[in-house]
Amino acid sequence: MPTEIKIPAVGESITEVTIAKWLKKDGEAVKRDEVIAELESDKATFELPAEADGTLKILVAEGETIGIGTAIAQLDGTGAPAGDSPAAAPAAGGDALAKGEQNPAASDQSGYGGQPADRHAADAATPGAPAASGGTVEMKIPAVGESITEVTVAKWLKPDGAQVSRDEVIAELESDKATFELPAEGNGTLRHAVKEGETIGIGALIARIESGSGAAAPAASAPAPAAAAPAAAQPASGGAATYASGVPSPAAGKILGEKGINPADVAGTGRDGRITKEDAQNAQTKPAAPAPAAKPTAPAPASAAPAAPAGERGQRRERMSNLRKTVARRLVTVKNETAMLTTFNEVNMQPIMDLRSKFKDKFKEKNGVNLGFMSFFTKAVCVALQEWPAVNAYIDGDSIVYSDFCDISIAVSAPKGLVVPVIRNAEKLSFDGIEKEVVRLAGLARDNKLTIEQMTGGTFTITNGGIFGSMLSTPIINAPQSAILGMHNIIQRPVAENGQVVIRPMMYLALSYDHRIIDGRESVSFLVRVKELLEDPTRLLLGV
């Protein structure tokens, strides 16, 4: 009995993950606890270990996004050789899919966890398949996910009264999360029970397949799928043609339709020649070639000549990562649900720069880390937060939650997007303690090894756009926090000191805050206090 590997729960707020990378190949032998894949959520990256010894059967393609609890692979404990895997895995998955245990987001090539073409081949190799018996087969909407209760018949791919074969895709179904393909459960004449565009519940009758007069046609076509079975392990090019050849997946079909590309002009690289989403994406730039060729053939006036622009005009479409989607959703939520306002001030950074120049070598020799600006800003913010506790609070329903500690979130630009790890109890850390935490968390962010616990629970955020050259910005609050401090680049500017104009390294500071909980007096006073502490850093050392 194969062992199913399902997506484990990786956090309370995480409902889906993406298969970032398969570390083991399909058909490869693996051992218990050996890492077989990397999973990526909107917050962190996780490793997935094998749950037993056996031969790996991959059910979900790399790059797909699926829900928690979904089966993504199987482990065959019998140790079957890798060469048997292309036919064996789909055959095992075919029965499960027929019972409604499909995976709603497993592949662009199919709405189910297995490949329809492989199931067809497996059934052809098994003459005793229970689909050609007489009578009528009632087809009902299978379960497609724990949270999905109804689907819409997006498109009938086979008309009412058409002859269909077992496993032939007859309809496309849509839920609020994904698009699925519905394969026929028998051979015969298709009778629609639901109109295109109607929404029906899980388990409802969608069609009937009447066997009898149409039974001879599928029987005659049986040798073709049988011949296709050994070709399933080969690439689409050179394999035997099946109903899947040249047929785009639902996602690929939408992309081709948007770009006006005929599927017949696209070479499918999926199993049995199916056109995948990647095939459709790669074919997006091809329609530009015939368009200019068509214009010169028509007897158009000279005014049509400027319509052909010079230079490359290529485009590409990339999947938005879970992290990017979550960041986008949360930023829009903050803008819509908070009364956000920003106040500004400027800081003379000369005292801090003098102090760093004097002690940075001894500091690094003693502590092993550089003395950066972040420790000064973090210490100043902690002092100011304790004097103005509303800036360190947040709204929870009809209540305001105040914290007597300072968990400072530091915005870090990681390879996969913006992450905000937290320095816990920063008010109790020394300068070297803060610098070591910043270095440690930034390293974990660059390596995509931050855990969910390390990125949640902050009470205040500091972001430094100055490292990218930003002179001034209005940072967006990191919900559910109520304020965020924005640092910017340091520029030599003329300022007035004691009645004289002098050149000083100046930095603009921006404090964005939620006006529902923080008044103007508190926000301005907080920022002025931070300015005072930074312009006289000895106050930080003396605590005054």
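Taken in order, the sequence shown gives residues 23 to 566; the numbers are from the numbering used here.
Backbone N, C-alpha and C define an ideal beta-carbon position, used for all residues, glycine too.
Among E86, L81, G85, which one has its Cα closest to the Cα of A93? Nearest Cα to A93 within the set E86, L81, G85: L81.
Leaving out five residues before and five after E220 in sequence, what residues of the same chain have Cβ atoms less than 6 Å from its Cβ? V175
Measuring straight from C-alpha to C-alpha, what distance separates A57 and I417? Here residue 57 turns out to be Val, not Ala, going by the sequence shown. Rounded to the nearest angstrom, the two C-alpha atoms are 41 Å apart.
Put D431 into one of helix, strand or coil per three-state DSSP. It should be pointed out that residue 431 corresponds to Ser in this sequence rather than to Asp. Strand, per DSSP.
Cβ atoms of R188 and G208: under 7 Å apart, would you say? By the CB criterion at 7 Å, G208 and R188 fall inside the cutoff.
Which value, in whole angstroms, describes the spacing of the CA atoms of H537 and M528? 28 Å
Have a look at A286 and G268 and give me their C-alpha separation to the nearest angstrom. Answer to the nearest angstrom: the Cα atoms are 6 Å apart.
Expressed to the nearest angstrom, what Euclidean distance is found between the alpha-carbon atoms of E554 and D64? 38 Å
Since I believe A467 is in contact with V441 (beta carbons under 8 Å), could you give me their beta-carbon distance rounded to a whole number of angstroms? 5 Å
For V434, which option in N414, N470, G419, K450 has the closest C-alpha, if you only look at C-alpha atoms? N470
Please list, in chain order, all residues of the same chain as P24 whose beta carbon is under 8 Å from its beta carbon, the five residues on each side excluded. The answer, listed in chain order, is G76, K79, Q96, L97, D98, G99, A114.
For I228 versus I163, is the C-beta distance shorter than 7 Å? yes
In three-state terms, what does DSSP make of V57? strand
What runs of the beta strand (DSSP E), each 3 residues or longer, lie entirely inside the stretch 454-527? DSSP runs (the beta strand (DSSP E)) wholly in the stretch 454-527: 482-486, 505-509, 512-519.
Per DSSP, which residues does V10 bridge with? Please list them. Coverage of the chain is limited to positions 23 through 566, which leaves residue 10 absent and any answer about it impossible.
Beta carbon of I170: closer than 6 Å to some heavy atom of the ligand COA? The ligand content of the structure shown is nil, which means the ligand COA is not present either.
Just the C-alpha distance for T40 and M342, rounded to the nearest angstrom, thanks. When rounded, the distance between both Cα atoms is 11 Å.
Taking only the alpha-carbon atoms, compute the straight-line gap between G275 and P205 and give it to the nearest angstrom. 17 Å
Which residue or residues does DSSP assign as beta-bridge partners of D98? T77
Per DSSP, what kind of secondary structure is P103 in: helix, strand or coil? In this prediction, P103 scores a pLDDT of 42, lower than 50, which makes its location untrustworthy; the coordinate-derived value is nonetheless stated afterwards. P103: coil per DSSP, three-state reduction.
If you follow the beta strand (DSSP E) that L212 is in, where does it begin and where does it stop? The continuous beta strand (DSSP E) containing L212 extends over residues 210-214.
Mark A505 as exposed unless 16 or more other C-beta atoms lie within 10 angstroms of its C-beta, in which case mark it buried. buried
In whole angstroms, what is the alpha-carbon distance linking M371 and Q514? The straight-line gap from Cα to Cα measures roughly 10 Å.
Taking E218 as the reference, which of G225, F202, K450, L195 has the closest Cα? L195
Just to confirm, are A74 and R54 a CB contact at a threshold of 7 Å? yes
In angstroms with no decimal places, state the Cα-to-Cα distance between R213 and E172. Going from the Cα of R213 to the Cα of E172 covers about 21 Å.
Selected residue, minimal CA-CA separation from N284, among A302, I36, G295: The shortest C-alpha separation from N284 is found at A302.
With distances taken from CA atoms, which of K177, P181, A193, G225 is nearest V166? G225
Check whether the stretch 547-565 and the stretch 397-407 touch, using three or more Cβ-Cβ pairs below 8 Å as the test. yes
Quick check on DSSP: helix, strand or coil for D376? helix
Exposed unless 16 or more other CB atoms sit within 10 angstroms - verdict on N414: Counting Cβ neighbours within 10 Å, N414 comes out buried, since at least 16 surround it.
With distance defined between alpha-carbon atoms, name the residue in G295, A305, T291, G290 nearest to I277. A305
Once the 5 residues before and after I27 are set aside, which same chain residues still bring their CB inside 8 Å of it? I58, L70, A72, E73, A93, I94, A95, Q96, L97
L440 lies in the beta strand (DSSP E); which residues open and close that run? Where L440 is concerned, the enclosing beta strand (DSSP E) stretches over 439-441.
If you reduce the DSSP assignment to three classes, tell me which class M396 lands in. helix
Whole-angstrom distance between E459 and I484, CA atom to CA atom: 14 Å
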